[in-house]
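Asker:
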């Protein structure tokens, strides 16, 4: 009995809220989405990450109902929602420019959706109050939108969306306009909010740090295609290709050859590694994250010369020249320019991907 | 910047000679027995204010309000959809189409008034098409002519606001559960209120003080405030003409205060 109950819970947790199959969209002969396949689970914080123009916002707008698709299937809760106009979808959006109504005060902005649903007045008042509490703007009810700071407007925009208790909340680069400190605070708060509300979040951003910090699942997109779907750890540690490796964080990408399972050769040396399943002598690329490389006094191994060192606050960014190839290394220990050093790393830190 | 300030002097001179000094004369004439050709009888008096209760004045005032009011209402009902249509137009030639709306204003108003006068006369070019109207002096004729005169002044301020309006507001309201109609009257309409108020003022004021139009199309029988002022001046009653002008000015200024209240950034005034 208990087992059945656990399976039931698990099933419920893994329920697919959104299913997208073969979704394509083009604007004036330009293909912006090329056959997208993606599903979004209930209660998931999923981030669409990619450079501007990669189609992530278009995908979001199709989910919200503001754009129509060219072909493919978009299912919400198992039902195709192509013909459902935006106002009937149990989906709300936090817009990039917030789009708060300038003719309404904070209360009426947040109450906008509830009033349309003809909810009793006292319930609306309570819901708005709760929403303001959630975004830490208690007592702001009668404030004019124009008198709010960017961060406060951002919070009102979030409150205005979540107060409707949508099944799915879409966030279109909502933190882009905020300064760094505020942005970092909001990242944590959004994550907290998502846990507390139990609403599925689809977050669009071009900021890899934001994506890694907040998401359960990251979807990396480029030029209208999904390149990789995975947890932040997967995406960071096991990037599928060069684009992802260089887009997500800094990395050293070195060409090499996969001699056999668990043995890779680059920079003229053979290294043990944890990767397998490549063809024998396959041409590959090795990703070494800057923080995974340790500098030791020159000995056997890969030797180089320190050419530059920049203080970055938490760490030093050290550039090492190895036979003409530049390596970026993050270390808390400084080095002198001109030092002869040797690069050292663990076998788990070597990540191999196809060239 | 300071040297540039001198460039405003010609305007100040123009303002003083053509507006401020005449205005002071109007004020003076309102509160005295002022007469250009007769300074011997000059004395301060409020006698002319009594004219404001005269049936002649009340009738002209009522006519002005009536015709200007009806014209404005029609212009608003006809003009708003037009402005909305052009503002939401996707065409690349949008600016050209909108400019076409201005074309009527390019021809002289008197010429257009005389054109309408001819249309409403029994004997006109319309006889060629077996049409003949005898409408000179009728309310309908005056209103038709007024609407055609002032419609562009209603369309433009509204168009300006709607055209600049961020489409994001509409999307936000749709996202929050408003259908197209709710979106319009809960977001678009309130956000274009500034343009509506500007349009109303730009139509109402000139319509209220219209002079040539009721003169020609009203056939001299329908008297508006503008016609009353003219008549009184030709009778030599400067004080009474000045008093009526003063009333018109007060009405205009109060309406202008209204526009400023609604439209603090002045973004809708052309």
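Protein chains in written order, with the working numbering: chain A, 1 to 355; chain B, 1001 to 1270. Yeah, the Cβ is synthetic: ideal placement off N, Cα and C, and Gly gets one too.
Indicate the three-state DSSP secondary structure (helix, strand or coil) for residue 315 of chain A in the structure shown.
Answerer: Start at 1 with the first residue of the first chain, and residue 315 of chain A comes out as number 315. Coil, per DSSP.
Asker: Using a Cβ-Cβ cutoff of less than 7 Å, which residues in the same chain neighbour residue 1230 of chain B once the five nearest sequence positions on both sides are dropped?
Answerer: Walking along the second chain from the start, residue 1230 of chain B turns up at place 230. Once the five neighbours on either side are set aside, the close Cβ partners of residue 1230 of chain B are 1211.
Asker: Cβ atoms of residue 202 of chain A and residue 180 of chain A: under 8 Å apart, would you say?
Answerer: In the first chain, the residue the question calls residue 180 of chain A occupies position 180. In the first chain, the residue the question calls residue 202 of chain A occupies position 202. No.
Asker: Under the three-state reduction of DSSP, which class applies to residue 1268 of chain B: helix, strand or coil?
Answerer: One-based indexing of the second chain puts residue 1268 of chain B at position 268. Low local confidence applies: a pLDDT of 48 at residue 1268 of chain B is under 50, so the model's placement there is unreliable, with the coordinate-based value given in what follows. If DSSP states are grouped into helix, strand and coil, residue 1268 of chain B belongs with coil.
Asker: Is residue 959 of chain B close to chain A, meaning its C-beta is less than 8 Å from at least one C-beta of that chain?
Answerer: Residue numbering for chain B in the displayed model covers 1001 to 1270; residue 959 of chain B lies beyond these limits and cannot be assessed.
Asker: Do you know offhand how far residue 1269 of chain B's Cα is from residue 1076 of chain B's?
Answerer: Position 269 of the second chain, counting from 1, holds the residue named residue 1269 of chain B. Position 76 of the second chain, counting from 1, holds the residue named residue 1076 of chain B. Confidence at residue 1269 of chain B is low in this model, with a pLDDT of 48, below 50, so its placement is unreliable and no value can be given for it.
Asker: Answer yes or no: does any C-beta atom of chain B fall closer than 8 Å to that of residue 174 of chain A?
Answerer: By one-based count along the first chain, residue 174 of chain A stands at place 174. With 8 Å as the cut-off, residue 174 of chain A does not count as an interface residue toward chain B.
Asker: Quick check on residue 25 of chain A - is its C-beta less than 8 Å from some C-beta in chain B?
Answerer: In the first chain, the residue the question calls residue 25 of chain A occupies position 25. It does not: the Cβ of residue 25 of chain A has no partner Cβ on chain B nearer than 8 Å.
Asker: How would you list, in chain order, the residues of chain B whose beta-carbon sits under 9 Å from the beta-carbon of residue 92 of chain A?
Answerer: If you number the first chain from 1, residue 92 of chain A lands on position 92. Chain B residues near residue 92 of chain A: 1175, 1176, 1177.
Asker: Give, in chain order, every unbroken run of the beta strand (DSSP E) that is at least 3 residues long and sits entirely within the stretch 83 to 118 of chain A.
Answerer: Within the stretch 83 to 118 of chain A, the complete beta strand (DSSP E) runs of at least 3 residues are 91 to 94.
Asker: Tell me residue 330 of chain A's beta-bridge partners as DSSP assigns them.
Answerer: As a position in the first chain, residue 330 of chain A is number 330, starting the count at 1. Note: residue 330 of chain A sits in a beta bridge opposite A:317.
Asker: I'd like the ranges of any alpha helix (DSSP H) spanning at least 4 consecutive residues and lying wholly in the stretch 1154 to 1242 of chain B.
Answerer: Here the runs fully enclosed are 1167 to 1175, 1180 to 1183, 1193 to 1208, 1212 to 1217, 1225 to 1235.
Asker: Check the Cβ of residue 87 of chain A against every Cβ in chain B and list those closer than 9 Å, keeping chain order.
Answerer: The sequence position of residue 87 of chain A within the first chain is 87, counting from 1. Ordered by position in chain B, the residues that pass the 9 Å Cβ test against residue 87 of chain A are 1173, 1174, 1175, 1176, 1177, 1178, 1179, 1180, 1182, 1183.
Asker: With 16 other CB atoms within 10 Å as the buried threshold, where does residue 1020 of chain B fall?
Answerer: If you number the second chain from 1, residue 1020 of chain B lands on position 20. Classification of residue 1020 of chain B: exposed, given that the 10 Å Cβ count is below 16.
Asker: Do residue 1225 of chain B and residue 1243 of chain B have their CB atoms nearer than 8 Å?
Answerer: Taking the second chain and counting its residues from 1, the one referred to as residue 1225 of chain B is at position 225. Taking the second chain and counting its residues from 1, the one referred to as residue 1243 of chain B is at position 243. Against a cut-off of 8 Å, the Cβ pair of residue 1243 of chain B and residue 1225 of chain B comes out as no contact.
Asker: Which residues in the same chain as residue 1266 of chain B place their Cβ atom closer than 6 Å to its Cβ, once the five residues preceding and following it in sequence are excluded?
Answerer: For this step, residue 1266 of chain B is matched to residue 266 along the second chain. Low confidence applies to residue 1266 of chain B: its pLDDT is 48, below 50, so where it sits in the model is not reliable enough to give any reading.
Asker: The alpha helix (DSSP H) that contains residue 1089 of chain B, what's its start and end?
Answerer: Taking the second chain and counting its residues from 1, the one referred to as residue 1089 of chain B is at position 89. Element bounds for residue 1089 of chain B: n/a, residue is neither H nor E.
Asker: Within the continuous beta strand (DSSP E) that includes residue 265 of chain A, where are the two ends?
Answerer: Here the question's residue 265 of chain A lines up with position 265 in the first chain. Residues 263 to 266.
Asker: Could you spell out where the beta strand (DSSP E) holding residue 272 of chain A opens and where it closes?
Answerer: Taking the first residue of the first chain as position 1, residue 272 of chain A is located at position 272. 269 to 272 is the extent of the beta strand (DSSP E) around residue 272 of chain A.
Asker: How far does the beta strand (DSSP E) with residue 205 of chain A in it extend, from its first residue to its last?
Answerer: Sequence index remark: in the first chain, residue 205 of chain A carries index 205 (1-based). First-last of the beta strand (DSSP E) with residue 205 of chain A: 200 to 205.
Asker: Have a look at A:303, A:333, A:281, A:347 and flag the residue whose alpha-carbon is nearest the alpha-carbon of residue 312 of chain A.
Answerer: Translated into positions along the first chain, residue 312 of chain A becomes position 312. Taking only the C-alpha atoms, the option nearest residue 312 of chain A is A:333.
Asker: Just to confirm my understanding: we take residue 256 of chain A, look at its own chain, exclude 5 residues before and 5 after, and list those with CB closer than 6 Å. What are they?
Answerer: Residue 256 of chain A sits at position 256 when you count from the first residue of the first chain. Closer than 6 Å at Cβ, skipping near neighbours: 264, 265, 266, 284, 286.
Asker: Keeping to the same chain, check which residues put their C-beta closer than 8 Å to that of residue 1261 of chain B; ignore five residues upstream and five downstream.
Answerer: The residue you call residue 1261 of chain B lines up with position 261 of the second chain. Within the same chain, residue 1261 of chain B has no close Cβ partners at all.
Asker: Taking the CB atoms as reference points, tell me whether residue 80 of chain A and residue 59 of chain A lie closer together than 8 Å.
Answerer: Residue mapping note: residue 80 of chain A aligns to position 80 of the first chain, counting from 1. Residue mapping note: residue 59 of chain A aligns to position 59 of the first chain, counting from 1. No, Cβ-Cβ distance for residue 80 of chain A and residue 59 of chain A is not below 8 Å.
Asker: Between residue 171 of chain A and chain B, is there a C-beta pair that is closer than 8 Å?
Answerer: Walking along the first chain from the start, residue 171 of chain A turns up at place 171. False, the Cβ-Cβ gap to chain B never drops below 8 Å.
Asker: Can you find at least 3 beta carbon pairs, one from the stretch 1170 to 1187 of chain B and one from the stretch 92 to 112 of chain A, that sit closer than 8 Å?
Answerer: Short answer: they touch.
Asker: On the three-pair Cβ rule with 8 Å, is the stretch 50 to 59 of chain A touching the stretch 122 to 139 of chain A?
Answerer: Contact fails: fewer than three Cβ-Cβ distances are below 8 Å.
Asker: Could you confirm whether any beta carbon from chain A is found closer than 8 Å to the beta carbon of residue 1190 of chain B?
Answerer: Here residue 1190 of chain B refers to the residue found at position 190 when the second chain is read from its first residue. Yes, because at least one Cβ of chain A sits closer than 8 Å to the Cβ of residue 1190 of chain B.
Asker: Can you tell me whether residue 1045 of chain B is helix, strand or coil according to DSSP?
Answerer: Translated into positions along the second chain, residue 1045 of chain B becomes position 45. The answer is coil: DSSP assigns residue 1045 of chain B none of H, G, I, E or B.
Asker: Would DSSP call residue 231 of chain A helix, strand or coil?
Answerer: Counted from its first residue, the first chain places residue 231 of chain A at position 231. Residue 231 of chain A falls in the coil class under three-state DSSP.
Asker: I'd like to check one pair, residue 76 of chain A with residue 357 of chain A: are the Cβ atoms closer than 8 Å?
Answerer: Not covered by the structure: residue 357 of chain A. The range shown for chain A is 1 to 355.
Asker: Identify every residue that forms a DSSP beta bridge with residue 1072 of chain B.
Answerer: Locating residue 1072 of chain B in the second chain gives position 72, counting from the first residue. Beta-bridge pairing links residue 1072 of chain B to no other residue.
Asker: Check the Cβ-Cβ distances between residue 1080 of chain B and every residue of chain A, and say whether any is below 8 Å.
Answerer: As a working note, residue 1080 of chain B is residue 80 in the second chain. No - not a single Cβ of chain A is within 8 Å of the one on residue 1080 of chain B.
Asker: Does any C-beta atom of chain B lie closer than 8 Å to the C-beta of residue 139 of chain A?
Answerer: Position 139 of the first chain, counted from the first residue, corresponds to residue 139 of chain A. Output row for residue 139 of chain A: interface = no.
Asker: Using the rule of at least 16 other Cβ atoms within 10 Å of the residue's Cβ for burial, across every protein chain shown, is residue 1217 of chain B buried or exposed?
Answerer: As a working note, residue 1217 of chain B is residue 217 in the second chain. Answer is buried; the Cβ neighbour count reaches 16.
Asker: Does residue 1099 of chain B come out as helix, strand or coil in the three-state DSSP assignment?
Answerer: Here the question's residue 1099 of chain B lines up with position 99 in the second chain. DSSP places residue 1099 of chain B in helix when its eight states are reduced to three.
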